[in-house]
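For reference, the structure is listed below as structure tokens.
There are 2 protein chains.
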Amino acid sequence: MIKSNPTRQKILESAFQEIHLQGFQAASLNSILTRSDVTKGALYHYFPDKQALGFAVVEELIKEAVLQFWLRPLEEASDPIDGLKGLINVAGKSLSDEDVLLGCPLNNLCLEMSPIDDGFRQRLKQVYELWREGFAWALRAGQTNGTVKSTINAMDCATFIVASLAGCRSLAKNAQSRDVLNACGQNLTLYLDTLQP
Amino acid sequence: MIKSNPTRQKILESAFQEIHLQGFQAASLNSILTRSDVTKGALYHYFPDKQALGFAVVEELIKEAVLQFWLRPLEEASDPIDGLKGLINVAGKSLSDEDVLLGCPLNNLCLEMSPIDDGFRQRLKQVYELWREGFAWALRAGQTNGTVKSTINAMDCATFIVASLAGCRSLAKNAQSRDVLNACGQNLTLYLDTLQP
DNA sequence: TTGATTACATACCAACCAGTATGTATAATT
DNA sequence: AATTATACATACTGGTTGGTATGTAATCAA
């Protein structure tokens, strides 16, 4: 009964929304309870404290979202550069207006919590490393099958791509502009082209 | 007496430090007062409320730092690509360990405050636009003197460069690693090379 | 000299917060 | 049938927060 419980899941998803909007520290438990129509007793039945709730949001929702959107599709692509360009394109189109306004949940939490809570930092770092290693793995596969230049350092490239994606969403969030997001994505695909042999 | 007052300046700088570490919402006025060795009466004498203090930090400290570190040096460079590569290099070296751990003050505030306070958002946006326009101006100057490819869209490129810089510092902050920062900067300079004619 | 303004200092307050204590209906176990 | 554990629900608390009310010493203007 620890996992895949509907009440627990409702709490998790409401917590994700509240944290995505307000940040973790400013996220109010009472507000999460109102959102999910659940009581404080239920919350503290499933999570020992606010921090544990935050950790669960990172490990169960955010990590899963990265896997599902960025990594699994890329595993099936034969040309990683084509695959990445496609994903960037899809990302720009599939993000809702609210998603543009709220930015990347991983990066938001990252900037807020990394310096003040090492438990958060390590869990967020795990997700970032999963992401970077997934991209690096795809780039190396491309180097093997000849779709990616053999001279590049796959992990460094992957890191830069993830960083740029995060940065693009930052600027778009501040500018409240899908155009900024697309202009950034456009230029990132130009960089990707330079990785071809 | 409204400006360049030593007490006011002390408050501003302590506020900057506290906000840089904790974020704006979590920044405690009492903690700022302890840092600056000033009393609440003094703080509320110079700033009507916490928000106004935050605005002043953005407009007087953060904006000025962007101008001084990124824009003024670039004005004097004859080749903007060389200039940018030099600045990225200097940035990587001149950042203190603490600076790496705390990340970019502008981007931190941006992600925290943009969705929940439009006054903050607009002031931060002004700084980002100053930054992007400064880079774009330099790139256009390069297009004129033949050091930059004429086919690129200067503003879009500038936006991408700023976004990537922000993203690099995000990942480095989370990883607590200067290596990540340098690897990202390295790849950003590779992108910059592709802007040459 | 005197009245007003500036530049703080101290004490206090209402609101909100995460967390707890206690109670209870239901379901599982023995 | 009796006992125990689960899954909540409600009421409360101590600590912190941004902000205010009030007071005062020093400076400036008339």
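Protein chains in written order, with the working numbering: chain S, -18 to 178; chain E, -18 to 178.
Even glycine gets a Cβ: it sits at the ideal position worked out from N, Cα and C.
### The alpha helix (DSSP H) enclosing Gly179(E), as first and last residue numbers
The displayed coordinates of chain E run from -18 to 178. Any statement about residue 179(E) would go beyond what the structure contains.
### Task
Using only alpha-carbon positions, find the residue among Tyr25(S), Pro96(S), Gln3(S) and Gln177(S) that is nearest to Arg150(E).
When each option's Cα is compared against that of Arg150(E), the closest is Pro96(S).
### Query
So Leu181(E) packs on Leu87(E), CB below 8 Å; how close in whole Å?
Coverage of chain E is limited to positions -18 through 178, which leaves residue 181(E) absent and any answer about it impossible.
### Query
Closest Cβ-Cβ distance between Leu42(S) and chain E: below 8 Å?
no
### Task
Would you identify the three-state DSSP class for Lys106(S), choosing helix, strand or coil?
helix
### Query
Checking contacts by CB at 8 Å: is Val129(S) closer than that to chain E?
no
### Message
On the DSSP letters alone, give me the boundaries of the alpha helix (DSSP H) that Ala139(E) sits inside.
### Response
Ala135 to Ala156
#### Entry: Neighbourhood of Arg16(E) by C-beta, 7 Å cutoff - its chain only, sequence neighbours within 5 removed
Ser(-5), Gln(-2) and Glu(-1)
#### Entry: Coarse secondary structure for Phe(-3)(E), derived from DSSP in three states
helix
### Query
So is Ser145(E) buried or exposed if we call it buried at 16+ other beta carbons inside 10 Å?
buried
### Message
Quick check: what's the CA-CA separation for Gly123(S) versus Gly166(S)?
### Response
21 Å
### Message
As a quick exercise: from Ala117(S), Val143(S) and Ser12(S), pick the residue whose alpha carbon is nearest that of Ser131(S).
### Response
Ala117(S)
### Message
Looking at the secondary structure, which residues open and close the alpha helix (DSSP H) in which Lys44(S) lies?
### Response
Lys44 to Val47
### Query
Looking at the C-beta of Val143(S), does it have a partner C-beta in chain E at a distance below 8 Å?
yes
### Task
Give every residue of the same chain whose Cβ lies closer than 6 Å to the Cβ of Thr140(E), excluding the five residues on either side of it in the sequence, and list them in chain order.
Arg113
### Message
Just to make sure I have the definition right: I need the residues of chain E whose C-beta is within less than 8 Å of the C-beta of Ile13(S). Which are they?
### Response
Simply none; closest approach about 16 Å.
### Task
Answer with yes or no whether the minimum CB distance from Thr80(S) to chain E is below 8 Å.
Checking the displayed sequence, the identity of residue 80(S) turns out to be Asp instead of Thr. For Asp80(S), the answer is no, since every Cβ of chain E falls outside 8 Å of its Cβ.
#### Entry: Which of helix, strand or coil DSSP assigns to Glu57(S)
coil
### Query
Comparing alpha-carbon positions, which option in Leu14(S), Ala164(S) and Gly115(S) lies nearest Met136(E)?
Ala164(S)
### Message
Can you confirm whether Val19(S), when its beta carbon is compared against all beta carbons of chain E, has any partner nearer than 8 Å?
### Response
no
### Task
Using beta-carbon positions only, say whether Leu152(S) and Val161(S) come within less than 8 Å of one another.
yes
### Beta-carbon proximity list for Cys91(S), same chain, < 6 Å, skipping 5 on both sides
Result list for Cys91(S): Leu105, in chain order.
### Message
Three Cβ pairs or more, each shorter than 8 Å: is that satisfied between the stretch 13 to 32 of chain S and the stretch 50 to 65 of chain S?
### Response
no
### Task
Determine the contact status of Trp51(E) and Leu68(E), defining contact as a CB-CB distance below 8 Å.
Cβ atoms of Trp51(E) and Leu68(E): closer than 8 Å.
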